[in-house]
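>
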Amino acid sequence: MNPLNDETLRIYQVIDPEGHTAPLHIHEVMREIAANRVSGRASLGEREFFAKIFLGKNAHSRFSREVEGSRAVAATDLATPALLQTIRLENGGACCLFEFIPNFLTLKNALASNPRKALMAMAHALGQFHAGGLVHGDLHLENFGWYKDAILVCDCGSISACATDSRETFVQFLSQWDPALDGLIGEAVEAHQAAGGVLTVDAQVLARVDLPRARQRRLDRFDKKMLRDNRRLDGRQKHSLVTRDLAPELTTYLQAILEKDALKDGDRIEWKERTLECQVFRRKTHARTIWTLSHRLQLFDVKAARPVAMVLSPLPGGKSFVFHETCDTDNSFNLEALAAALLRWQLWGLDGLLENGEPAGWKDGVPIVRPSIHTAGGPALAPVLAPSRDMKAAVKIHGNALQELLQCNPPRP
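Okay, so the sequence shown: first residue is 1 according to the numbering used here, each after it adds one.
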């Protein structure tokens, strides 16, 4: 492949060690954090690379951690793309140029159909990390690759020296997995130990004590980060919140409507070819609860009506509003899909997602929900035995047919 023949999406001006300026062409963006980092397939001159570009505040400290982490991993038995060159950006940022590996997939994409294999591969890789005196502080599947049946470490900026007890990082890794895989924790511990890792706790304690706590902490961190990343403050409109991908003028538009009209719960408004549905609350905490729950559902891969704006009343007891995008439904009801969803929600500790026993809508045979202040947002902190509220409400509507599906198809690893 000649990178010069590929479409260029972006160009960054870089400075080589001799002080000459040259264009770095980005042909494919694989991951991006706005105003912070861009990574993807790139070319400098006639050579192709995998580039990681560090921008904005603390760009050079993040760049230095990436370089140090890459060197530390290269000294172990773990595989990682070779760091070929480091360069400065003309605007003050920095860039690492790695060996480009064709047909490279993230572990998440490569092993989505075989989560057990991914779990064991990652547990083994963690054992190699810990045996080498290292710890990876950002353990999720998109930071690791799969190439020729081997794990590749793709994000080295979160690597640091390992404490003597690797239990905490191992639990953080497990906390990101589907609870249906908890039955495999014993095998994961064995895979970790086979690679040289040492854990000072047994699998049962991990599953019953450490893991539920770690999952709750992860959700709490997610809530704080989501609120911080989505917030758009604008002096007079400091009580407003808008998702990052929508223009700030949505807040101005909503404020104008709220000043003129008495919106009621369930009312709909039109904005730039979007239909938004309004939920009204008298307590600010209720609006924030709905906002955070709706975003949490993305972590659980639950299809839900997305909240795009929140306007809080500056007065105690005043009306606060959350605006959702309306559900794009096609009435593709499927009883088996409903039963599967109910079982998964129960396993994850989610409840109160149905309205009067029914989802908010259906799309391509998948239920779409809209959380309320009565929704339990997970995780399950104890073994689930009793039917959830959603199960009881749905069985009242769909009767024995749904009851049989719930009894015959418990979630399994």
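Glycine included, C-beta positions come from ideal geometry on N, C-alpha and C.
Quick one: grab the DSSP three-state call for Pro81.
Numbered from its first residue, the sequence shown carries residue 81 at position 81. Coil at Pro81, not helix or strand.
> Along the beta strand (DSSP E) that carries Glu7, what are the first and last residues, could you check?
Counting from one through the sequence shown, the residue named residue 7 turns up at place 7. Segment: none, Glu7 is in no beta strand (DSSP E) and carries neither H nor E.
> Count the CB pairs spanning the segment 319–326 and the segment 272–290 that are closer than 8 Å, and state whether there are at least three.
Touching, yes.
> Assuming Ser160 contacts His130 (C-beta within less than 8 Å), just tell me the rounded distance between them.
The residue you call residue 160 lines up with position 160 of the sequence shown. The residue you call residue 130 lines up with position 130 of the sequence shown. Going by Cβ atoms, the distance from Ser160 to His130 rounds to 12 Å, so no, they are not a contact pair.
> Does DSSP classify Ala305 as helix, strand or coil?
Looking up residue 305 in the sequence shown gives position 305. Ala305 falls in the coil class under three-state DSSP.
> Using only CA atoms, which one of Arg274, Ser113 and Cys156 lies nearest to Ala75?
Locating residue 75 in the sequence shown gives position 75, counting from the first residue. Nearest option by C-alpha distance: Cys156.
> Do the segment 25–44 and the segment 9–16 meet, that is, are 3 or more Cβ pairs less than 8 Å apart?
Yes, since at least three Cβ pairs between the segment 25–44 and the segment 9–16 fall closer than 8 Å, the two stretches touch.
> Taking the alpha-carbon positions, what's the Met391 to Gly357 distance?
For the purposes of this step, residue 391 is taken as the residue at position 391 of the sequence shown. For the purposes of this step, residue 357 is taken as the residue at position 357 of the sequence shown. So the alpha carbons of these two residues sit roughly 8 Å apart.
> Helix, strand or coil, according to DSSP, for Trp271 in the structure here?
Within the sequence shown, residue 271 is the residue found at index 271, counting from 1. Of the three classes helix, strand and coil, the one that applies to Trp271 here is strand, per DSSP.
> Taking the CB atoms as reference points, tell me whether Pro367 and Pro379 lie closer together than 8 Å.
For this step, residue 367 is matched to residue 367 along the sequence shown. For this step, residue 379 is matched to residue 379 along the sequence shown. No; because the gap between Cβ atoms is not below 8 Å, this pair is not in contact.
> Helix, strand or coil: how does DSSP classify Leu233 here?
Locating residue 233 in the sequence shown gives position 233, counting from the first residue. With a pLDDT of only 38 at Leu233, under the threshold of 50, the placement of this residue in the model should not be trusted, and no figure is reported.
> Can you give me the C-alpha to C-alpha distance between Ala341 and Met310, rounded to a whole angstrom?
What you label residue 341 is simply residue 341 of the sequence shown in a count that begins at 1. What you label residue 310 is simply residue 310 of the sequence shown in a count that begins at 1. Roughly 28 Å between the two C-alpha positions.
> Does the segment 258–268 touch the segment 290–306, meaning 3 or more C-beta pairs lie closer than 8 Å?
With the cut-off at 8 Å, the segment 290–306 and the segment 258–268 do not touch.
> With burial defined as no fewer than 16 other Cβ atoms inside 10 Å of the residue's Cβ, what is the status of Gly318: buried or exposed?
If you number the sequence shown from 1, residue 318 lands on position 318. Burial call: exposed.
> Give me, in chain order, the residues of the same chain whose beta-carbon lies closer than 7 Å to that of Glu187; leave out the 5 immediate sequence neighbours on both sides.
Here residue 187 is taken as the residue at index 187 of the sequence shown, counted from 1. The answer, listed in chain order, is Met120.
> Could you tell me which residues DSSP puts in a beta bridge with Phe50?
Translated into positions along the sequence shown, residue 50 becomes position 50. DSSP lists Arg41 and Phe98 as partners of Phe50.
> Give the straight-line distance between the Cα atoms of Arg389 and Ser61, rounded to the nearest whole angstrom.
As a first step, residue 389 is located in the sequence shown; it is residue number 389 there, counting from the start. As a first step, residue 61 is located in the sequence shown; it is residue number 61 there, counting from the start. About 49 Å.
> Quick one: what's got a C-beta closer than 6 Å to Arg370's C-beta in the same chain, skipping five residues either side?
Within the sequence shown, the letter at position 370 stands for residue 370. Within the same chain, Arg370 has close Cβ partners Ala305 and Ala360.
> Alpha carbon to alpha carbon, how far is His192 from Lys108? Give it in angstroms, no decimals.
On the sequence shown, position 108 is the one that residue 108 refers to. On the sequence shown, position 192 is the one that residue 192 refers to. Their backbone Cα atoms lie some 19 Å apart in a straight line.
> Helix, strand or coil for Pro367? Go by DSSP, reduced to three states.
Counting from 1 along the sequence shown, the entry for residue 367 is found at position 367. DSSP places Pro367 in strand when its eight states are reduced to three.
> What runs of the beta strand (DSSP E), each 3 residues or longer, lie entirely inside the segment 131–172?
Taking only runs of at least 3 residues, the beta strand (DSSP E) segments lying wholly in the segment 131–172 are 134–136, 144–147, 150–153 and 159–161.
> Assuming contact is defined by CB atoms lying nearer than 8 Å, are Gly93 and Phe54 in contact in what I supplied?
For the purposes of this step, residue 93 is taken as residue 93 along the sequence shown, with counting starting at 1. For the purposes of this step, residue 54 is taken as residue 54 along the sequence shown, with counting starting at 1. Contact: yes.
> Quick one: grab the DSSP three-state call for Leu89.
Here residue 89 refers to the residue found at position 89 when the sequence shown is read from its first residue. DSSP places Leu89 in strand when its eight states are reduced to three.
> For Phe323, report the span of its beta strand (DSSP E) as first-last.
Here residue 323 corresponds to residue number 323 of the sequence shown, with the count starting at 1. Ser320 to Glu325 is the span of the beta strand (DSSP E), which, as asked, contains Phe323.
> Where does Ala35 fall in DSSP's three states?
Along the sequence shown, read from residue 1 onward, the residue named residue 35 stands at position 35. Coil.
> Classify Leu353 as buried or exposed, calling it buried when 16 or more other Cβ atoms lie within 10 Å of its own Cβ.
Position 353 of the sequence shown, counting from 1, holds the residue named residue 353. By the neighbour-count rule (16 or more Cβ atoms within 10 Å), Leu353 is buried.
> Below 8 Å between beta carbons: does that hold for Phe98 and Leu84?
Here residue 98 corresponds to residue number 98 of the sequence shown, with the count starting at 1. Here residue 84 corresponds to residue number 84 of the sequence shown, with the count starting at 1. Yes, they are a contact pair.
> With the cut-off set at 8 Å, would you say Gln176 and His124 are in Cβ contact?
For the purposes of this step, residue 176 is taken as residue 176 along the sequence shown, with counting starting at 1. For the purposes of this step, residue 124 is taken as residue 124 along the sequence shown, with counting starting at 1. Contact: no.
> If distances are taken between C-alpha atoms only, which option among Leu347, Thr80 and Asp182 comes closest to Pro115?
Taking the first residue of the sequence shown as position 1, residue 115 is located at position 115. Per the Cα distances, Asp182.
> Quick one: using the 10 Å Cβ neighbour count with 16 as the cut-off for buried, is Val209 buried or exposed?
In the sequence shown, residue 209 corresponds to position 209, counting from 1. Exposed.
> Could you tell me the alpha carbon to alpha carbon distance between Ala35 and Asn58, rounded to whole angstroms?
Here residue 35 corresponds to residue number 35 of the sequence shown, with the count starting at 1. Here residue 58 corresponds to residue number 58 of the sequence shown, with the count starting at 1. Approximately 11 Å between the Cα atoms of the pair.
> DSSP three-state call for Trp419: helix, strand or coil?
Residue coverage of the chain in this structure runs from 1 to 413, which leaves residue 419 outside it and unanswerable.
> DSSP on Pro23, reduced to helix/strand/coil?
Position 23 of the sequence shown holds residue 23. Of the three classes helix, strand and coil, the one that applies to Pro23 here is strand, per DSSP.
> Is Glu404 close to chain C, meaning its C-beta is less than 8 Å from at least one C-beta of that chain?
The structure shown contains no chain C; it holds only a single protein chain.
> Label Asp422 either buried or exposed according to how many other C-beta atoms from any shown protein chain fall within 10 Å of its C-beta, with 16 as the threshold for buried.
This structure gives no information on residue 422, because the portion of the chain shown stretches from 1 to 413.
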